[in-house]
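The sequence shown begins at 1 in our numbering and counts up one residue at a time. Beta carbons are placed, not taken as given, at the ideal position from N, Cα and C, and that holds for glycine. From a predicted model like this one, the values you see are computed outputs, not experimental measurements. This report concerns only the one structure given below.
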Amino acid sequence: MVEVFQPPPFKPDHPFRWTSDLENVPIVIDNGKFRVHLLIEIYIPKNQGAFECRVGYASHPEPYMTFRNVIYRPRMTKTVLVGNDIEDVDGVRHLLKSPFLEYLLTGMDIQEHIFDHVFERLGIRSESVSQPVVMNEVLCNPGVCRAQLNELLFETYGVPKLAYYVDGLASFYDYCCRHEQTDNGNCLIISLGYHSTHFIPSLPTCKSRAEPFHCFGFEPLLSAARRVHVGGAHVNWMLQRLLQLKYPCHSERISFGLTEHLLHSYGHITSNYRECMLKWRDDNYRLSSTRTIQLPFVQPSVEELNAVADRKRAQTVRLLDIHRRRQLQQGPS
1 MVEVFQPPPF KPDHPFRWTS DLENVPIVID NGKFRVHLLI EIYIPKNQGA
51 FECRVGYASH PEPYMTFRNV IYRPRMTKTV LVGNDIEDVD GVRHLLKSPF
101 LEYLLTGMDI QEHIFDHVFE RLGIRSESVS QPVVMNEVLC NPGVCRAQLN
151 ELLFETYGVP KLAYYVDGLA SFYDYCCRHE QTDNGNCLII SLGYHSTHFI
201 PSLPTCKSRA EPFHCFGFEP LLSAARRVHV GGAHVNWMLQ RLLQLKYPCH
251 SERISFGLTE HLLHSYGHIT SNYRECMLKW RDDNYRLSST RTIQLPFVQP
301 SVEELNAVAD RKRAQTVRLL DIHRRRQLQQ GPS
């Protein structure tokens, strides 16, 4: 069965209708890497992450907006487009600007445009933000990056309160709450990011000690945590290069956005990679699991095909005429 690739539709973010019930509700900003969190021997989620920013009110179960954390300045205009407002991302990818330098938030001027977009679409029309803000940050975030972000939120937007969290630990805590686990055993938290992956070992809390995570039911060993500079972007780049090498005639059409869509739509994380690879030795499994994706293609009409054939014939006649005149000019040898 052949599946036709359909690019994601262009859907700009619409302003949120703000009500008085949201007066003191915190604004949650999952800034940057929407990660996939794996807990070894506990669970594996089915979704895959992307380089996105998710924003919403804490009283809502789902984020109101999910958009790419990039901006674009069109030529001959002062308008700045953010995230989903950019219509053709692949066409202007070389002009996109991100506030991140790999996994560190360093571009505060770009982040300010993103905050303007976020607060405006959340329905905040006042000069300052009266709600508290809860925002994620990378594990072991440098103090200078946090200080610059604090200055931006407190001085520019007048945020009354600001709290940070590490999304890998927050995902583990959410998993324990949903499964009603209070005494968690030994596990390894793997936080897959866009540019890096974090490994955080965790132990059960010792009730005899007052640990900062005692109320959560687990004790992460932050001193033993490790960061590997491999993330979702590297998987996407590798898939793009493999497809371009396999199909060189379509190398220009296999864009970064195309492989990103294929990866998020058909990719998954397996708990046993070797066992999954051994299944592909079976012909029946290989045939049933193989996906055939057709790139966007428009069938030309009969008039267009005839026009192309006429141009080829005219070019052939012109080249033959040039060759004949050169032979006449050279004369008999």
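Along the length of the region 101-178, whole alpha helix (DSSP H) runs at least 4 residues long occupy 108-121, 143-151 and 167-178, reported in chain order. Taking a C-beta distance under 8 angstroms as the contact criterion, leucine 96 and tyrosine 72 qualify as a contact pair. The beta-carbon separation of arginine 253 and leucine 295, rounded to 6 angstroms, stays under the 8 angstroms limit for a contact. Under DSSP, the beta-bridge partners assigned to histidine 198 are Ser191 and Arg227.
By the neighbour-count criterion, in which 16 or more other beta carbons inside 10 Å mark a residue as buried, asparagine 306 falls on the exposed side. Using a Cβ distance threshold of 8 angstroms, tyrosine 157 and serine 126 do not count as a contacting pair. A residue is called buried when at least 16 other Cβ atoms come within 10 angstroms of its Cβ; glutamate 137 meets this threshold and is buried. Contact annotation, glutamine 244 with phenylalanine 256: C-beta distance approximately 11 angstroms; criterion of less than 8 angstroms not satisfied. With a threshold of 16 other beta carbon atoms within 10 Å, asparagine 272 falls short and is exposed.
In this structure, DSSP gives leucine 203 an extended state, which the three-state scheme calls strand. Taking C-alpha positions only, glycine 107 is separated from glutamine 315 by approximately 53 angstroms.
With three or more CB-CB distances shorter than 8 angstroms, the region 97-106 counts as touching the region 135-152.
Cβ contact annotation for glutamate 120 (same chain, cutoff 8 angstroms, sequence separation greater than five): Pro15, in chain order.
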